[in-house]
Structure formats: structure tokens, C-alpha cells
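Here the UniProt record's numbering is used: the first residue of the sequence shown is 1, the next is one more, and so on.
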Amino acid sequence: MPDLTPATLSLELGVSQKRIRSVLREQFGTLDPSTTRWSLSEEQANFVRMRIARRGTNGTRFTLVEGDQVLRRAVHGAYGGQQQGGIATPKSLGEIFIFTDPAKGARYGYDRFEGLREDGSYSYTGEGQIGNQTFVRGNLALRDAAVQNRVIRLFTVQGTSVTYIGAFTTGTPTYRFETIPDTEGTLRQGIIFTLVPISADVSSLPAYGGRPVASAEISEWTAPESSDVVIAGADLSPIEERVVSRVEFELQAAFGEWLAENGTPPSRLTLPVGSTRIEPDLYVKSSGWIVEAKKSTARAYVRTAIGQVLDYAHVANGLGWAAVPVILLPGRPESDLLELIGRLGIITAIRTEDGFDLVDP
């Protein structure tokens with residue numbers, strides 16, 4: 001059971017933890033420098049209860065901060081909402097609470113499509129244990145959260161306790177469908193939501209796919225499929241987006257073939273960073289090239305490629321891997337962008353009729 005803390009009292013009394021800590025300091029002094037948080041005795045807790053009750057409260061408000069661990073029943077006692085299942089919609093706040101239990105979810109295979117992604121988003125499996133998941137109740141609330149301006153608050157579950165991770169909203173795409181097992185092991189359609197943090201400490205979340213990577217890993221590279229791309233949930237995706245995505249996949253495949261013909265076949269490189277993994281489009285071990293491909297030479301795409309490839313190289317270097325950043329483009333970018341790329345020490349690989357031209361920094 002969690003200790004009695006300002007977080008616990010904030011749920012009980014409906015006031016901010018800052019206010020509770022202020023009352024504690026007034027009566028009991030400041031914390032010892034070696035102590036990082038209040039762990040309250042019943043005497044201290046009762047004093048706070050009496051003081052707050054005498055001064056009054058400000059009504060219902062969300063009072064937990066990232067990292068707080070409390071009993072789940074205390075959360076529902078303070079705000080309401082469904083006490084069973086993974087999604088709760090407390091009417092007192094108009095927000096959405098979602099709960100994830102990585103250990104329990106792994107037993108059913110939910111961890112395959114759940115976890116922290118390399119772009120910082122969090123994939124969350126919808127509710128519904130038997131049969132295809134549909135957009136009713138909690139799943140419907142999550143799908144429409146951004147449109148209805150509702151904050152999503154994520155908790156991880158540890159037995160009867162929960163840890164508050166932070167506030168999220170839905171990303172792009174809002175959801176996708178994947179084949180997942182139900183509690184009886186039967187395969188069915190599951191809804192995987194894309195969540196992005198507003199204010200959250202994601203360091204304790206498991207990596208996407210449930211398998212943490214402790215060190216960088218090299219594996220065989222396979223050219224991506226260049227058939228029409230269907231983005232999840234995406235009748236949502238216009239045909240133009242699918243076509244331009246196909247351009248990027250074809251570009252990667254052609255460059256991989258060109259590398260192999262020149263005796264430098266590409267590999268996959270998976271890099272651990274924080275509690276997630278990131279992976280460039282290609283890695284050439286013999287030269288240390290870390291390659292990020294983009295489907296267009298437009299400024300927005302080139303700027304994104306610069307940031308991504310420098311991040312990959314930074315992480316790889318920190319792990320002791322040789323890393324030379326390379327941007328792969330379907331054509332020649334504007335001259336000022338090419339100058340910028342060179343100044344940053346990045347190689348540009350440009351597709352031509354005969355293969356690829358390399359522009360060294």
C-alpha cells in the first residue's frame with residue numbers, strides 16, 4: 001500500500017498538493033535535506049484535514065502530479081468513473097482516465113502493440129476483452145477526446161495501486177486497427193490509439209512491443225514494400241499521401257540495392273534511448289552511415305531529415321557506434337539547404353537516372 005502522502009490527501013480533500021505542503025511546513029517545518037518527499041504520520045494527516053476543512057476547498061480539481069503513486073480506489077473515490085477496466089470517464093472532471101498494466105497485458109499479448117514509440121507517442125490498446133473492439137463507451141470517448149477538448153490522463157497499474165504518468169491527447173492517426181488476441185487467445189480486431197504527451201514523465205513506460213533494448217542491435221535489412229501504402233485507420237489517408245509514401249519506400253529500396261551492388265550492403269540498426277527505441281531507415285556498418293530517407297525535397301521534409309539524422313548519429317555515438325549522418329532524397333534540394341546540410345557535416349545522397357550522387361560536406 002502506498003505511503004500516506006500529500007498526493008493521497010489531495011485526492012481525499014480535493015485541494016492541490018502545493019496547498020497541503022504549505023500547511024505541513026507551517027506546522028511541522030521543512031523536510032530534512034536527505035528526504036525528497038513527505039511521508040505522513042496519522043497525526044500530520046489529521047492536522048492537514050482539520051486545517052483544510054476549516055479554510056474550505058475550491059471544488060473538484062485534478063491534484064496529482066507526475067510520479068504520484070496512490071490507490072486506484074482513492075482516484076475513483078475523489079473523481080468517480082468506472083472502477084473496472086482500462087478506461088474511466090469521471091463526470092466530475094470531464095476528463096478521461098486510462099489505466100495500463102504492462103505485466104498483466106503481456107500475458108494476453110497486448111504488449112505487442114502497446115508502449116512508447118520512437119517518436120515519443122504512446123500506443124494504447126482499447127478496451128474490450130472478448131470479440132472485436134468497437135467504438136463504444138471508453139473507446140468512443142478516447143477517439144473523440146481531442147475534438148471534445150478532453151484531457152487524457154494515463155496511469156500505470158501495480159496491483160491495487162496506480163502511478164500517474166501524465167496528461168496526453170490523441171496524435172495522428174488517432175487510432176489504427178491491429179489483430180490482437182482476446183483473453184481466451186482468439187484473434188480479433190483491436191483498436192490501438194496514438195497518444196502524445198501534453199505534460200508527462202514517460203520514463204517508466206515500457207518500450208513499444210514490450211521488449212526493452214539494453215544495447216544497440218544490428219539485424220538484416222529488408223527493402224520495404226513499395227505497393228500502395230494503407231495507413232491504419234485510414235480511409236483517413238488521402239491517395240496523394242499513399243502515393244508519396246510509396247515514393248519514399250521505393251527510394252529506400254533502390255538505395256539499398258545500390259549499396260549492395262557497391263559492396264556495402266545496408267543493415268538495420270536499433271538504438272535504445274530512454275525507455276524506447278529509435279531506428280534509422282538504413283545503416284551501413286562498413287562506413288558508419290546512418291541514413292534517413294525523405295519522400296520530398298521540400299524544405300519541411302529536409303529540415304525534418306536534418307533533425308532526425310543528427311539525433312540518430314548523436315545516440316549512436318553515445319553508445320560507441322561509428323555514425324556518419326546521411327540524408328537520402330529523391331532529387332536535388334534547394335542550394336541553400338544543400339549548403340546547410342554540408343555545414344552540419346551531413347552527406348546528401350541524391351537519386352539520379354544512373355543511380356545516386358553523393359554530396360560530401
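Positions of the beta carbon are idealized from the N, C-alpha and C atoms, including for glycine.
Point to revise | Beta-bridge pairing of PRO325 - partner residues as DSSP gives them | key: ILE290
Review point. Among residues of its own chain, excluding the 5 on either side of TRP221, which ones have a beta-carbon nearer than 8 Å to its beta-carbon?
Key: GLY256, PRO265, PRO266, SER267, ARG268, LEU282 and TYR283
Practice item. Please list the segments of the beta strand (DSSP E) lying wholly inside the region 138–189, counting only runs of 3 or more residues, in order along the chain. Key: 152–158 and 161–181
Point to revise | Per DSSP, cross-strand counterpart(s) of ILE98 | key: ILE87 and LEU154
Review point. Straight-line CA distance for THR134 to GLN82?
Key: 18 Å
**Study point:** the region 157–177 contacting the region 60–80, beta-carbon criterion three pairs below 8 Å
**Key:** yes
Practice item. Just the C-alpha distance for VAL75 and VAL15, rounded to the nearest angstrom, thanks. Key: 13 Å
Exercise for review: Alpha carbon to alpha carbon, how far is SER199 from TYR175? Give it in angstroms, no decimals.
Suggested key: 21 Å
Review point. Is it buried or exposed for LYS91, if we count other Cβ within 10 angstroms and need 16 for buried?
Key: exposed
Practice item. Count the other C-beta atoms from every protein chain shown that fall within 10 angstroms of the C-beta of LEU344, then say buried if there are 16 or more, exposed otherwise. Key: exposed
Check your understanding: So LEU271 and TYR208 are in contact, right, with Cβ under 8 Å, and what is the actual spacing, rounded?
Key -> The pair is not a contact, with the Cβ atoms about 14 Å apart (cut-off 8 Å).
Check your understanding: Is it the case that the Cβ atoms of LYS285 and PRO330 are separated by a distance below 9 Å?
Key -> no
Point to revise | Buried or exposed by the 16-neighbour rule on C-beta atoms within 10 Å, applied to ALA349 | key: buried
Check your understanding: When DSSP builds the beta bridges, which residues end up paired with TYR283?
Key -> SER267 and ILE290
Review point. In chain order, what residues of the same chain have a beta carbon less than 7 Å from the beta carbon of PRO238, not counting five sequence neighbours either side?
Key: Below a pLDDT of 50, predicted positions are generally treated as unreliable, and PRO238, at 40, falls in that range; the measurement from the model is reported next regardless. Correct list: empty, nothing qualifies.
**Study point:** Nearest to GLY120 (by Cα), restricted to the options ASN132, PHE99 and PRO197
**Key:** PRO197
Review point. Taking buried to mean at least 16 other C-beta atoms within 10 Å of its own C-beta, is VAL315 buried or exposed?
Key: buried
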